[in-house]
Amino acid sequence: MIAKAELAILDLLWEHGHLTAREIREQLYPDAKKPQHGTVQRLLQRLEEKGYLSRDRSHSIHFFAATMTRQDYAGRELESLADTLTAGSFTPLITHLVENKRISAAEINKLRALLDTHSDQ
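Position 120, counted from 1, in the sequence shown is what my numbering calls 120; the numbers after and before it change by one each time, with no gaps.
#1: Kindly indicate the opening and closing residues of the alpha helix (DSSP H) around His16.
#2: In three-state terms, what does DSSP make of Thr20?
#3: If we ignore side chains and look at the alpha-carbon of each, how far apart do Ala87 and Pro35 end up?
#4: Ignoring anything shorter than 4 residues, give me the alpha helix (DSSP H) runs that lie fully in the stretch 90-117, in order along the chain.
#5: With DSSP collapsed to three states, give me the class of Ser54.
#6: Are the Cβ atoms of His16 and Arg25 separated by less than 9 angstroms?
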């Protein structure tokens, strides 16, 4: 699990591919009255330690990039959530989404097609 501020950095990296710490800081804190350099550096360091981003040190300015896609991250978090809440079962999670109309007809159709494709396996 990562903090909201860390996820905000990953969102930027998923959107832009790779960024410098300065570019990240300017996008996260565009109206900051004082520099947030230290805050951003700590967040980047934590994300790097957790394996969520890589740092390209081949230039004088370091570039950061996400090490996984948004979809891979979402999948990892969903698996963790299912393990924690429902002993690893996705059925209660999907049932909740369908019964509470949190999933669209188009998404249901996509899931049906996916299930049909994988039902032979």
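All residues carry an ideal CB built from backbone N, CA and C; glycine is no exception. In this text, all values refer to a predicted model and were calculated from it rather than measured experimentally.
Put simply:
#1: Indexing the sequence shown from 1 puts residue 16 at position 16. The continuous alpha helix (DSSP H) containing His16 extends over residues 4-16.
#2: In the sequence shown, the residue the question calls residue 20 occupies position 20. Strand, per DSSP.
#3: As a working note, residue 87 is residue 87 in the sequence shown. As a working note, residue 35 is residue 35 in the sequence shown. About 44 angstroms.
#4: The stretch 90-117 is shown to contain whole alpha helix (DSSP H) runs of 4 or more residues at 91-99, in chain order.
#5: In the sequence shown, residue 54 corresponds to position 54, counting from 1. Three-state DSSP puts Ser54 in a strand.
#6: Counting from one through the sequence shown, the residue named residue 16 turns up at place 16. Counting from one through the sequence shown, the residue named residue 25 turns up at place 25. Result no, Cβ atoms of His16 and Arg25 do not sit closer than 9 angstroms.
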